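Below you'll find the structure, written out as structure tokens, and then a few comments.
Residue numbers (my numbering): -14 to 49.
Rendered as structure tokens:
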């Protein structure tokens, strides 16, 4: 059964994201005015992806 983790959400003027989970995968959807993409992650890959984004956010905070 598919479960929505993050409803499609507008995060910029032309940028939208959404996240769903189905069986053993997490799906990330990103769309802009020009292009859209989706990625499927196994649970351990999703955890590593989120950890990587969190590290990037910490470095981003240091820079700004």
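Here a beta-carbon is modelled for each residue, glycine too, at the ideal position from N, C-alpha and C.
Quick caveat: nothing in here was measured; it's all calculated off a predicted structure.
What is the DSSP secondary structure of residue 37, counted as helix, strand or coil?
Position 52 of the chain shown holds residue 37. Residue state, collapsed to three classes: helix.
Is there at least one Cβ from chain B nearer than 7 Å to residue 37's Cβ?
Here chain B cannot be found, since the structure has a single protein chain.
Going straight from the alpha carbon of residue 24 to that of residue 12, what length do you get?
To locate residue 24, count along the chain shown from 1; it is residue 39. To locate residue 12, count along the chain shown from 1; it is residue 27. So the two alpha carbons sit approximately 6 Å from each other.
At the level of alpha carbons, what is the spacing between residue 6 and residue 43?
Along the chain shown, one-based indexing puts residue 6 at 21. Along the chain shown, one-based indexing puts residue 43 at 58. Answer to the nearest angstrom: the Cα atoms are 26 Å apart.
Nearest-angstrom Cα distance between residue 3 and residue 9?
The residue labelled residue 3 in the question sits at position 18 within the chain shown. The residue labelled residue 9 in the question sits at position 24 within the chain shown. Between residue 3 and residue 9, the C-alpha separation is close to 17 Å.
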